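Peer 1:
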């Protein structure tokens, strides 16, 4: 028996070792495969979500209880990290801080003689010490903005007043764009005869610090009253292709108008960025149609409106710096001019179906790749080009598409008039509040009495309260005015009125014809005024009386798996 036992032991031990080695080999191989996939996989889109899933998000409503909220409008600067342009970086990397002020103050003290109090009979606005007092005051009061540069103060309307202009950026805005303000300060002398700010005026109160137009005639100069200030930070002129030779040497991707025209703005952005992403993948210049058809949902007439300029809504200056683009009219003129003056026509590759992938066009040497979208819907949507295998190669350049700087100037002015010290609420009503079948509790939950109950626990009485809303009746929120300084977008309609900067600049884009401040612009301004504080995410309105708990859980799981922060407003009589 002993001999039998001793003979079988090595076989059992060897079998155990063989199984353990096999399991370990499988484990090592699995880790190796996972590591290779993790290293080589490149997500197709900045949100780490699959193209079909995001396509569904931007183009469809899923069901009655999970409706996409079109009262929130996000663009590239809200979604992806912003890379500062090299030309802008120096001014942003040297903001005016307390340390910078102390250095300037020490240099002034070292380079000039000490003044006696008797020498300071009146305020001298050109004295660098006066500017230092203003800079220090602004840092203490306006903590939400970064000060970038100041102009030398000028005299105000009284001997003890100084007007000064400065450039700044909002800490909560994710782009690097700069804005301006000019205010009036009343200065006094404190201890050791140092300048002190006794009072500061409101937004744009320092009118003497604005640049005036000068009229020259008969050898004399006279100063004219300033026109509405024009933002010299905006340069959205259409670039020229240059000479015929430059045009011929270029390589272009041209999308003809497809089924996306007159669809919602989310679908427009999704499709436009598909085309721009393909152009960048093919190393070509995208031919842009500046004419946008604004869907009926954003128009008071409830009709689609054609002929809207891309630059009304988006920052073309930033786009042309971030990606190669050319305006369609400029491109077609140069194309026809070349064909008329040369026997050898421009080589063109016509692509009549989205099923021809960008990868198949990668090595095409034609000057123009012309994608035509003549098929019936939905085969004629631009975004179809980026579906399937193409989604692994085409990355939508969200970083290139920002909101219009003109609209952001309005947002900044609204915030500035409240000295960047306000609370905000987003109240969704409109057609939803009247649709009792889909949102049976929304009307009650957003009634003035319920709003007061919800807000009073979060916002101190007497505070500035900005309400972003699609409620059409201005006086709907009057009950809140007894406890808060309520601000609505319509309170600032002078900012797009016929004497405003926005009005004059958009008229120039529209052949001196007035431009309507439409529904999309209103939502864009409301979005930025309220949601700069909120982490990027997908916004939904959910009525939990109709949505089963399991559906809510599934929605969270789907969002988490796709790397999207899901922010949900739940109407249960209180916010969760």
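In our numbering, the protein residues as written are 13 to 588.
The beta carbon of each residue, even a glycine, is placed where N, CA and C say it ideally should be.
Since the model is a prediction, treat every value here as computed from it, not as a measurement.
Rank 400, 519, 496, 196 by C-alpha distance to the C-alpha of residue 464 and give the top, closest one.
Peer 2: For this step, residue 464 is matched to residue 452 along the chain shown. Here the closest residue by C-alpha is 496.
Peer 1: For the region 398–408 against the region 496–510, do three or more pairs of beta-carbon atoms, one drawn from each stretch, fall closer than 8 angstroms, so that the two count as touching?
Peer 2: no
Peer 1: How would you label residue 430, buried or exposed, when you count the other beta carbons within 10 angstroms and need 16 or more for buried?
Peer 2: The sequence position of residue 430 within the chain shown is 418, counting from 1. It counts as buried.
Peer 1: Could you check whether the region 415–426 touches the region 531–546, counting it as contact only if at least three pairs of C-beta atoms, one from each stretch, sit closer than 8 angstroms?
Peer 2: yes
Peer 1: Kindly indicate which residue of 36, 411, 452 has the alpha-carbon position closest to the one of residue 328.
Peer 2: As a working note, residue 328 is residue 316 in the chain shown. The shortest C-alpha separation from residue 328 is found at 411.
Peer 1: Does DSSP put residue 610 in a helix, a strand or coil?
Peer 2: Since the first and last residues shown for the chain are 13 and 588, residue 610 lies out of range.
Peer 1: Quick one: what does DSSP say residue 268 is sitting in, helix, strand or coil?
Peer 2: Your numbering for residue 268 matches position 256 in the chain shown. It is coil, neither helix nor strand.
Peer 1: Give a yes or no on whether the C-beta atoms belonging to residue 165 and residue 175 are separated by under 8 angstroms.
Peer 2: Residue numbering aside, residue 165 sits at position 153 when the chain shown is read from its first letter. Residue numbering aside, residue 175 sits at position 163 when the chain shown is read from its first letter. Contact: yes.
Peer 1: Suppose the cutoff is 6 angstroms on Cβ atoms and the five residues either side in sequence are ignored; what does the same chain contact list for residue 426 look like?
Peer 2: Within the chain shown, numbered from 1, the residue matching residue 426 stands at position 414. If we look at residue 426 and ignore the five residues flanking it on each side, its Cβ neighbours are 504, 541.
Peer 1: Are the CB atoms of residue 321 and residue 343 within a distance shorter than 8 angstroms?
Peer 2: Here residue 343 is taken as the residue at index 331 of the chain shown, counted from 1. Here residue 321 is taken as the residue at index 309 of the chain shown, counted from 1. Their beta carbons are not under 8 angstroms apart, which means residue 343 does not touch residue 321 by this criterion.
Peer 1: Under the rule that 16 or more other beta-carbon atoms within 10 Å means buried, what is residue 139, buried or exposed?
Peer 2: To locate residue 139, count along the chain shown from 1; it is residue 127. The residue is buried, with at least 16 neighbouring Cβ atoms inside 10 Å.
Peer 1: Let me know the secondary structure DSSP gives residue 306 once reduced to three states.
Peer 2: As a position in the chain shown, residue 306 is number 294, starting the count at 1. Here residue 306 sits in strand by DSSP.
Peer 1: Pick from 27, 459, 509: whose alpha carbon is nearest that of residue 491?
Peer 2: Here residue 491 is taken as the residue at index 479 of the chain shown, counted from 1. Minimum Cα distance to residue 491 is reached at 459.
Peer 1: I'd like to know if residue 338 contacts chain D, where contact means its C-beta is closer than 8 angstroms to some C-beta of that chain.
Peer 2: Structure shown: chain D not included; a single protein chain is present.
Peer 1: Examine the Cβ distances between the region 366–379 and the region 389–397 and report whether three or more of them are shorter than 8 angstroms.
Peer 2: Taking 8 angstroms as the limit for Cβ pairs, the verdict is that the region 389–397 does touch the region 366–379.
Peer 1: Distance, Cα to Cα, residue 549 vs residue 481?
Peer 2: Counting from one through the chain shown, the residue named residue 549 turns up at place 537. Counting from one through the chain shown, the residue named residue 481 turns up at place 469. Unreliable positioning characterises residue 549 in this predicted model, as indicated by a pLDDT of 32, which lies under 50. A coordinate reading is not provided.
Peer 1: So the candidates are 109, 40, 137; which of them puts its Cα closest to the Cα of residue 160?
Peer 2: As a working mapping, residue 160 is identified with position 148 in the chain shown. Answer by Cα proximity: 109.
Peer 1: Taking contact to mean at least 3 C-beta pairs separated by less than 8 angstroms, is the region 436–454 in contact with the region 467–487?
Peer 2: yes
Peer 1: Cβ atoms of residue 168 and residue 196: under 8 angstroms apart, would you say?
Peer 2: Taking the first residue of the chain shown as position 1, residue 196 is located at position 184. Taking the first residue of the chain shown as position 1, residue 168 is located at position 156. It is a contact, given that the beta carbons lie within the stated cut-off.
Peer 1: Taking buried to mean at least 16 other C-beta atoms within 10 Å of its own C-beta, is residue 211 buried or exposed?
Peer 2: Here the question's residue 211 lines up with position 199 in the chain shown. Exposed, by the Cβ-count rule.
Peer 1: Pick out the complete beta strand (DSSP E) segments inside the region 406–483, 3 residues or longer, and give them in chain order.
Peer 2: 435–439, 476–481
Peer 1: Between the C-alpha atoms of residue 386 and residue 397, what's the straight-line distance to the nearest angstrom?
Peer 2: In the chain shown, counting from the first residue as 1, residue 386 sits at position 374. In the chain shown, counting from the first residue as 1, residue 397 sits at position 385. Distance between the alpha carbons of residue 386 and residue 397: 14 angstroms.
Peer 1: For residue 291 versus residue 298, is the C-beta spacing smaller than 8 angstroms?
Peer 2: Position 279 of the chain shown holds residue 291. Position 286 of the chain shown holds residue 298. Cβ atoms of residue 291 and residue 298: closer than 8 angstroms.
Peer 1: Classify residue 485: buried if its beta carbon has 16 or more other beta carbons within 10 angstroms, exposed otherwise.
Peer 2: Within the chain shown, numbered from 1, the residue matching residue 485 stands at position 473. It counts as exposed.
Peer 1: How about the region 249–261 and the region 338–358: do they share at least three Cβ pairs that are nearer than 8 angstroms?
Peer 2: Taking a contact to require three or more Cβ pairs closer than 8 angstroms, the region 249–261 and the region 338–358 qualify as touching.
Peer 1: Can you name the start and end residues of the beta strand (DSSP E) that residue 394 belongs to?
Peer 2: Stepping through the chain shown from its first residue, residue 394 is reached at position 382. According to the DSSP assignment, residue 394 belongs to no beta strand (DSSP E), since it is labelled neither H nor E.
Peer 1: Just grab the DSSP bridge partners of residue 161 for me.
Peer 2: As a first step, residue 161 is located in the chain shown; it is residue number 149 there, counting from the start. Answer by DSSP bridge pairing, in chain order: 179.
Peer 1: What residue does the beta strand (DSSP E) around residue 499 start on, and which one ends it?
Peer 2: Numbered from its first residue, the chain shown carries residue 499 at position 487. Per DSSP, residue 499 belongs to the beta strand (DSSP E) from 497–499.
Peer 1: What's the call for residue 35, buried or exposed, on a 16-neighbour Cβ count within 10 Å?
Peer 2: Sequence index remark: in the chain shown, residue 35 carries index 23 (1-based). Answer is exposed; the Cβ neighbour count stays below 16.
Peer 1: Taking the alpha-carbon positions, what's the residue 374 to residue 421 distance?
Peer 2: In the chain shown, the residue the question calls residue 374 occupies position 362. In the chain shown, the residue the question calls residue 421 occupies position 409. Using only the alpha carbons, I get a separation of about 41 angstroms.
Peer 1: Assign residue 47 to one of two classes, buried (16 or more other C-beta atoms within 10 Å of its C-beta) or exposed (fewer than that).
Peer 2: By one-based count along the chain shown, residue 47 stands at place 35. Residue 47 comes out exposed.
Peer 1: Here's a check: name, in chain order, each residue in its chain whose Cβ is nearer than 6 angstroms to the Cβ of residue 134, leaving out the five neighbours to either side.
Peer 2: Indexing the chain shown from 1 puts residue 134 at position 122. Closer than 6 angstroms at the Cβ level, and outside the excluded window around residue 134, lie 171.
Peer 1: Can you tell me which of 181, 376, 137 puts its alpha carbon nearest to the alpha carbon of residue 220?
Peer 2: What you label residue 220 is simply residue 208 of the chain shown in a count that begins at 1. If we check each option's Cα against that of residue 220, 137 comes out closest.
Peer 1: Using alpha carbons as the reference points, say which of 190, 270, 355 lies closest to residue 389.
Peer 2: Here residue 389 refers to the residue found at position 377 of the chain shown. Distances from the CA of residue 389 to each of 190, 270, 355 were compared; the closest alpha carbon is that of 270.
Peer 1: Looking at the secondary structure, which residues open and close the beta strand (DSSP E) in which residue 382 lies?
Peer 2: One-based indexing of the chain shown puts residue 382 at position 370. 380–383 is the span of the beta strand (DSSP E), which, as asked, contains residue 382.
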